[in-house]
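Participant: To start, I am sharing the structure in question, which I have written as structure tokens.
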Amino acid sequence: MADIVPPEVRSRMMAGIGPANTKPEMIVRRGLHARGWRYRLHVKQLPGKPDLVFSARRAVIMVHGCFWHGHDCGLFRWPSTREEFWREKIMGNINRDHNVRALLSESGWRLCNVWECTLKGPSRIPLDDLLERCSDFLAGTAAFTSIGGDRTVLPATPANPRISEPCENREV
65 MADIVPPEVR
75 SRMMAGIGPA
85 NTKPEMIVRR
95 GLHARGWRYR
105 LHVKQLPGKP
115 DLVFSARRAV
125 IMVHGCFWHG
135 HDCGLFRWPS
145 TREEFWREKI
155 MGNINRDHNV
165 RALLSESGWR
175 LCNVWECTLK
185 GPSRIPLDDL
195 LERCSDFLAG
205 TAAFTSIGGD
215 RTVLPATPAN
225 PRISEPCENR
235 EV
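Residue 177 in the numbering used here sits at position 113 of the sequence shown; the count goes up by one each step and never skips.
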């Protein structure tokens with residue numbers, strides 16, 4: 065299927081999609097702030113420039129878009145145009161996510177991934193429940209938590225075994 069938008073317009077549209085201050089991220093930020101949590105944003109010194117950084121707790125929260133990070137959920141669908149480009153792009157994002165997670169862990173940081181599908185779509189959970197789970201993570205000691213499961217479309221390899229079951233509160 066051919067793109068109906070000229071390449072210059074498509075490029076401008078794609079350039080407008082930024083990695084920070086997305087709607088799902090803003091929802092999580094506002095909710096946690098209202099609950100009394102204070103954080104720094106997009107700290108460049110940390111691997112992956114996490115969305116929210118809680119320095120005193122050595123914890124970070126990353127809000128991932130299901131499409132861009134290849135989440136194996138109802139919101140993700142492989143594009144039907146430029147399939148090879150998108151497969152390479154999304155697989156690269158997934159591999160980078162794995163590397164960032166390992167680097168954060170090696171540096172003594174705890175990580176919570178919040179997936180976009182927990183905020184919208186059929187697998188949405190109530191916002192209060194989501195914020196409670198984030199707060200529980202921040203107050204606890206778990207090294208890794210994924211709210212919305214930790215399944216990606218990344219094919220299984222010895223280096224990256226596919227996680228087939230959701231793992232809501234998994235120690236790394």
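Just so you know, even glycine gets a beta-carbon here, dropped at the ideal spot from N, CA and C.
Small disclaimer: the values here were computed from a predicted structure and weren't measured.
Under the three-state reduction of DSSP, which class applies to I68: helix, strand or coil?
Facilitator: I68: coil per DSSP, three-state reduction.
Participant: Between which two residues does the alpha helix (DSSP H) carrying N163 extend?
Facilitator: Run containing N163: E147 to E170, per the alpha helix (DSSP H) assignment.
Participant: According to DSSP, is C176 part of a helix, a strand, or is it coil?
Facilitator: Correct three-state label for C176: strand.
Participant: Which residue from C176, K184 and P186 puts its Cα closest to that of P114?
Facilitator: Closest by alpha carbon: C176.
Participant: Taking C-beta to C-beta, are C198 and L110 nearer than 8 Å?
Facilitator: The answer is no: Cβ separation not under 8 Å.
Participant: The beta strand (DSSP E) with S210 in it runs from where to where?
Facilitator: Here the beta strand (DSSP E) through S210 covers F208 to I211.
Participant: On the DSSP letters alone, give me the boundaries of the alpha helix (DSSP H) that A98 sits inside.
Facilitator: Looking at the DSSP string, the run of the alpha helix (DSSP H) that includes A98 is K87 to A98.
Participant: Give every residue of the same chain whose Cβ lies closer than 8 Å to the Cβ of C137, excluding the five residues on either side of it in the sequence, and list them in chain order.
Facilitator: Excluding sequence neighbours, C137 sits near C130, W179, C181, G185, S187, G212, G213 and R215.
Participant: Can you check which of these residues, M77, N157 and G100, is closest to G112 by C-alpha distance?
Facilitator: Taking only the C-alpha atoms, the option nearest G112 is N157.
Participant: Give the DSSP-derived three-state secondary structure of A203 in the structure shown.
Facilitator: In the structure shown, A203 sits in a helix (DSSP, three-state: H, G or I).
Participant: Quick one: residues in its chain with C-beta nearer than 8 Å to the C-beta of W91, no 5 flanking neighbours on either side, listed in chain order?
Facilitator: For clarity, residue 91 is Ile in the given sequence; the question names Trp instead. Cβ neighbours of I91 beyond the five flanking positions: L183 and L191.
Participant: Taking 8 Å as the threshold (C-beta atoms), are R93 and L116 in contact?
Facilitator: It is a contact, given that the beta carbons lie within the stated cut-off.
Participant: Which residues mark the beginning and the end of the beta strand (DSSP E) in which A123 is found?
Facilitator: Residues A123 to H128.
Participant: Taking the CB atoms as reference points, tell me whether V217 and F140 lie closer together than 8 Å.
Facilitator: Cβ atoms of V217 and F140: closer than 8 Å.
Participant: Does the separation of the CB atoms of G172 and I154 fall below 8 Å?
Facilitator: Taking 8 Å as the Cβ cut-off, G172 and I154 do not qualify as a contacting pair.
Participant: Give the secondary structure of L195 by DSSP, where H, G and I count as helix, E and B as strand, and everything else as coil.
Facilitator: Residue state, collapsed to three classes: helix.
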